[in-house]
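Participant: Numbering (our numbering), first residue to last: 6 to 266. Glycine included, each C-beta is placed from N, C-alpha and C at the ideal position.
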């Protein structure tokens with residue numbers, strides 16, 4: 006094998022391209038490559054700025070291998086905290102919904118970790134829907150194409166026990182500050198939360214009381230600086246709000262609960 010596609014050569018090329026974790030990425034690329042020519046092409050794609058997950062075709066998320074296609078939002082490590090909280094609130098057999106599902110990572114974990122869970126997921130992006138179907142439906146869930154609640158079966162209204170919505174929450178003016186991997190290779194609709202980052206959350210919060218069961222929970226990821234306004238957004242629709250954080254993963258999650266009775 007030439008040095009161009011050897012382990013040392015791959016690490017050097019990735020370092021030259023600015024990849025901070027060049028050794029770890031090189032190992033993943035070498036393991037995923039179908040051969041020397043394939044490895045060379047994969048390294049070139051990664052060096053050009055394509056997210057590693059799009060190059061190898063998957064992301065490790067909460068212990069699962071989640072398929073991630075080009076043009077689909079890559080599940081973040083901090084979002085594992087959101088999903089962990091959802092799993093903790095889901096009783097066996099819980100009816101769960103994953104809105105703005107992207108690759109379907111949250112839905113896949115709920116199906117994997119909650120015994121007998123019934124999971125429905127939706128996304129407005131066609132590429133995300135196709136990807137989510139590969140991650141969610143083999144595990145027993147269903148994935149729908151459409152905007153937020155619109156494509157969900159009407160029979161779910163008033164019955165959802167755990168509603169996960171990893172809504173876009175980056176303010177429009179901050180999109181340009183994101184790493185190139187995100188702003189250049191992930192759909193804008195999955196990142197842009199409007200002028201203050203809360204536009205999509207407002208729409209979810211307005212619809213959630215109709216879909217949640219009494220005592221059901223809506224969980225969304227937000228930023229620390231937005232947390233108070235996000236909480237005000239859900240309480241304006243009659244939901245009780247709690248903000249929880251994970252310092253290790255720089256994660257902030259809003260849990261909004263429909264009051265029973």
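Pick helix, strand or coil for residue 66, following the three-state DSSP scheme.
Facilitator: Correct three-state label for residue 66: strand.
Participant: Does the beta-carbon of residue 246 have 16 or more other beta-carbons within 10 angstroms, so that it is buried, or is it exposed?
Facilitator: By the neighbour-count rule (16 or more Cβ atoms within 10 Å), residue 246 is buried.
Participant: Would you identify the three-state DSSP class for residue 221, choosing helix, strand or coil?
Facilitator: Of the three classes helix, strand and coil, the one that applies to residue 221 here is strand, per DSSP.
Participant: Give every residue of the same chain whose Cβ lies closer than 7 angstroms to the Cβ of residue 31, excluding the five residues on either side of it in the sequence, and list them in chain order.
Facilitator: 12, 15, 16 and 19.
Participant: Tell me whether the stretch 243-262 and the stretch 221-228 touch, counting them as touching only if at least three CB pairs, one residue from each stretch, are closer than 8 angstroms.
Facilitator: They touch, by the three-pair rule.
Participant: Note the first and the last residue of the continuous alpha helix (DSSP H) segment covering residue 153.
Facilitator: Note, residue 153: premise wrong, no alpha helix (DSSP H); not H, not E.
Participant: Taking Cβ positions, are residue 60 and residue 51 nearer each other than 9 angstroms?
Facilitator: Cβ atoms of residue 60 and residue 51: closer than 9 angstroms.
Participant: Would you mind sorting residue 195 into buried or exposed? The rule is 16 or more other CB atoms within 10 Å of its CB.
Facilitator: Burial call: buried.
Participant: Is residue 162 helix, strand or coil by DSSP?
Facilitator: Note: residue 162 maps to coil in three-state DSSP.
Participant: Which residues in the same chain as residue 217 place their Cβ atom closer than 7 angstroms to its Cβ, once the five residues preceding and following it in sequence are excluded?
Facilitator: Counting only Cβ-Cβ distances below 7 angstroms, and skipping sequence neighbours, we find 165, 168, 223 and 263.
Participant: Do you know how far the Cα of residue 162 is from the Cα of residue 221?
Facilitator: Their Cα atoms are separated by approximately 12 angstroms.
Participant: I'd like the list of long-range same chain contacts for residue 87, defined as Cβ closer than 8 angstroms, with 5 residues on each side in sequence excluded.
Facilitator: Cβ neighbours of residue 87 beyond the five flanking positions: 111, 169, 171, 224, 225, 226, 256 and 258.
Participant: How is residue 9 classed by DSSP in three states: helix, strand or coil?
Facilitator: Confidence is the limiting factor: at residue 9 the pLDDT is only 47, short of 50, which leaves the residue's position unreliable, though a coordinate-based value still follows. Reduced to three states, the DSSP call for residue 9 is coil.
Participant: Enumerated in chain order, which unbroken segments of the beta strand (DSSP E) with a length of 3 residues or greater are wholly contained in the stretch 38-107?
Facilitator: Whole beta strand (DSSP E) segments, 3+ residues: 63-66, 69-72 and 100-104.
Participant: For residue 106 and residue 126, I'd like the C-alpha separation in whole angstroms.
Facilitator: Those two C-alpha atoms are separated by around 6 angstroms.
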